[in-house]
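Presented below is the structure to which this report refers.
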Amino acid sequence: MGMSDHASKQYDLDLDSIRSRVLAMGGLVEAQIRRAIDALSTGDLALSMEVIEADHKVNAMEVALDEDCSQLIVRRQPAAGDLRMIFAIMKTVTDLERIGDEAQKVARMAKNIHERGGPQAPPVVEVRHAAEAAISMLRRTLDCFARLDAEGAAEVICDDAGIDTEFRSILRQLITYMMEDPRTISTSLEIVWIAKAIERIGDHAKNMAEYVIYIVKGTDVRHTGMTKLEA
Amino acid sequence: MSAPETHMMEVLATKAEARSLSFYYGDFRALQGISMTVHERKVTALIGPSGCGKSTFLRCFNRMHDLYPGNRYEGEILLQPDNTNLLAPGVDPIEVRMRIGMVFQKPNPFPKTVFENVAYGLRVRGEGSRRRIEEKVEQALQDAALWEEVKDRLHQPAYNLSGGQQQRLCIARALATDPELLLFDEPTSALDPIATASIEELMHDLKERVTILIVTHNMQQAARVSDFTAYMYLGDLIEFGVTDELFIKPKMKQTEDYITGRFG
């Protein structure tokens, strides 16, 4: 959009502060997922606990950002691009908080799996691969948000389908594991939850990418399919 | 300028249309060939920074500029349904002002009674029947949402009313001659928020019968009261569109800069 400055310096400062804190929140959430997946791969129980406990930081950032956004609306009555920015941020923050919850869920499942111990190790590698894809979607969405890059955001939206496919393939694999050896059922179910969490993270990143397009172009591409994206 | 994309399903009728309208204060060209449609029974807001020509444009519609020598119009303003060019030399400005009322920034009642303020236009028009005048005055005061407040003091001086009441009295005065188009030149900038809200509410009710064109410095007011908004700058019409769209997703960067406070 390439915005020049507002006549009010304080308005610029307030908006910049909100935007950079969204990015900081995104960074924290990204670290949470990464550490939760690491805890799953390595069986590091202390790391699982850290992730579970750090979720309150994500929640606190959501509350603080929501409050700052409503204050900015009251004080400035933002219009046009500023209005779309604030509107999109309030929605983005909700998705980020949900991603934080999913990361916490993964950490909790990782803890359960490794506390139980046992030899059964269903396909954690594929899960890790799907998680990398979801983290990449999140990171690129945040980049697009920072650079107001609608084309990049459209690419992120397309990538979500890949994660959905991966989720279904993990599910099929786990079903065969469970059929072959019922002792793997408890762990397999937990891995299903983890895979589902990752799939949801992809969905949230996709939502955020849609908000970026709304900020830049003013078009609402939710629930429209790819045709409108290319327009 | 292309027609605004509207989500409204209704068919829009044209009340007035400026065509290549330029206006000169002596040698100074204050309007640069504006073409714009005013839709019937809608509120159209003119916004823009000081000196952009929005009040000048508004005043062309009832030939206010005729009052000063050296002023000159070019182009035309066609008033429907009769397709009269308001600016044509043969058209009598007094006739124009019967069809097009105006309300100013500061309430300007005549130094007369409440009743006589509203009756004035009717008398100018040659209405002789006392009974008809009384009916019209009451109706206009009702329409301006002032009747209940003044019905027991119709014969007191208008200056005894509060600022907000005086402004509604001016609206009643304008309504008395059954105008087709009402021009508002920053009608609430001298009023407090409550009086402002009552005038805005009134505009909302009036547009069922009258077309309204309003100049306002208050962008929130434009967003609240208008169906269409025109952004003007340096005597040019920069953007015209459906108000919701113009305030959420303006097409022109100049409009965006102005409504987001990035101007200047």
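Taken in order, these protein sequences are the chains called G and R.
Basically our numbering = 1-based index in the first sequence + 597.
Basically our numbering = 1-based index in the second sequence + 218.
Think of the CB as a built atom: it goes at the ideal place given N, C-alpha and C, for glycine as much as any other residue.
These numbers come from a predicted model, not from an experiment.
* Beta-bridge partners of residue 320 of chain R, as assigned by DSSP -> By one-based count along the second sequence, residue 320 of chain R stands at place 102. R:401.
* To do: Could you pull the start and end residues of the beta strand (DSSP E) that residue 243 of chain R belongs to?
  => Looking up residue 243 of chain R in the second sequence gives position 25. Judged by DSSP secondary structure, residue 243 of chain R falls within the beta strand (DSSP E) whose first and last residues are 232–243.
* Taking the beta strand (DSSP E) that residue 759 of chain G falls in, what are its first and last residues? -> The residue labelled residue 759 of chain G in the question sits at position 162 within the first sequence. Premise fails: residue 759 of chain G lies in the alpha helix (DSSP H), 747–777, not in any beta strand (DSSP E).
* Between the region 646–657 of chain G and the region 722–729 of chain G, do at least 3 Cβ pairs fall closer than 8 Å? -> The answer is no - the region 722–729 of chain G does not touch the region 646–657 of chain G, with fewer than three Cβ pairs under 8 Å.
* Asked: Since residue 434 of chain R meets chain G, which of its residues come closer than 8 Å, beta carbon to beta carbon?
  -> Sequence index remark: in the second sequence, residue 434 of chain R carries index 216 (1-based). The premise fails here: residue 434 of chain R is roughly 14 Å from chain G at the closest Cβ pair, so nothing lies under 8 Å.
* **Residues from the region 604–624 of chain G in contact with chain R, defined by Cβ distance under 7 Å** => 604, 605 and 608
* residue 293 of chain R versus R:401, R:381, R:444 and R:306, residue with shortest Cα-Cα distance -> The residue given as residue 293 of chain R occupies position 75 in the second sequence. Nearest C-alpha to residue 293 of chain R: R:306.
* To do: Return the CA-CA distance between residue 649 of chain G and residue 735 of chain G, expressed in angstroms with no decimal places.
  => Position 52 of the first sequence, counted from the first residue, corresponds to residue 649 of chain G. Position 138 of the first sequence, counted from the first residue, corresponds to residue 735 of chain G. Roughly 20 Å between the two C-alpha positions.
* Helix or strand or just coil, what does DSSP make of residue 268 of chain R? -> As a working note, residue 268 of chain R is residue 50 in the second sequence. In the structure shown, residue 268 of chain R sits in coil (DSSP, three-state: anything other than H, G, I, E or B).
* Could one say the Cβ of residue 674 of chain G lies closer than 9 Å to chain R's Cβ atoms, at least one of them? -> Locating residue 674 of chain G in the first sequence gives position 77, where the first residue counts as 1. Yes, residue 674 of chain G counts as interfacial toward chain R.
* To do: Could you list the residues in the region 655–686 of chain G with a C-beta less than 8 Å from some C-beta on chain R, going in chain order?
  => 673, 674, 675, 676, 677, 678, 679, 680 and 681
* Asked: Should residue 784 of chain G go down as buried or exposed, given a rule of 16 or more other Cβ atoms within 10 Å for buried?
  -> Against the first sequence, residue 784 of chain G aligns to sequence position 187. By the 10 Å Cβ count, residue 784 of chain G comes out buried.
* State buried or exposed for residue 273 of chain R, treating a residue as buried only when at least 16 other CB atoms are found within 10 Å of its CB. => Within the second sequence, numbered from 1, the residue matching residue 273 of chain R stands at position 55. Result: buried.
* **Proximal residues to residue 244 of chain R (C-beta, below 6 Å), its chain only, five neighbours per side dropped** => Taking the first residue of the second sequence as 1, we reach residue 244 of chain R at position 26. Cβ neighbours of residue 244 of chain R beyond the five flanking positions: 288.
* **Between the CA atoms of residue 460 of chain R and residue 770 of chain G - distance to the nearest angstrom** => On the first sequence, position 173 is the one that residue 770 of chain G refers to. On the second sequence, position 242 is the one that residue 460 of chain R refers to. Roughly 55 Å between the two C-alpha positions.
* **Identified DSSP bridge partners for residue 246 of chain R** => Along the second sequence, read from residue 1 onward, the residue named residue 246 of chain R stands at position 28. DSSP, once it has assigned bridges, lists R:243 as partnering residue 246 of chain R.
* Can a CB atom of chain R be found closer than 9 Å to the CB of residue 697 of chain G? -> Within the first sequence, the letter at position 100 stands for residue 697 of chain G. So, not an interface residue.
* **DSSP three-state assignment for residue 391 of chain R, whether helix, strand or coil** => Within the second sequence, numbered from 1, the residue matching residue 391 of chain R stands at position 173. Three-state result, residue 391 of chain R: helix.
* **Under the three-state DSSP convention, the category residue 370 of chain R falls into** => Within the second sequence, the letter at position 152 stands for residue 370 of chain R. Reduced to three states, the DSSP call for residue 370 of chain R is coil.
* Asked: Where does residue 246 of chain R land, buried or exposed, given buried means 16+ other C-beta within 10 angstroms?
  -> For the purposes of this step, residue 246 of chain R is identified with residue 28 of the second sequence, where counting begins at 1. Under this definition residue 246 of chain R is an exposed residue.
* To do: Helix, strand or coil for residue 469 of chain R, going by three-state DSSP, please let me know.
  => If you number the second sequence from 1, residue 469 of chain R lands on position 251. DSSP places residue 469 of chain R in coil when its eight states are reduced to three.
* Asked: Quick check: the region 655–670 of chain G against the region 680–697 of chain G, are there 3 or more CB pairs under 8 Å?
  -> yes
* Counting along the chain, where does the alpha helix (DSSP H) carrying residue 290 of chain R start and finish? -> Residue numbering aside, residue 290 of chain R sits at position 72 when the second sequence is read from its first letter. Not the alpha helix (DSSP H): residue 290 of chain R falls in the beta strand (DSSP E), residues 289–297.
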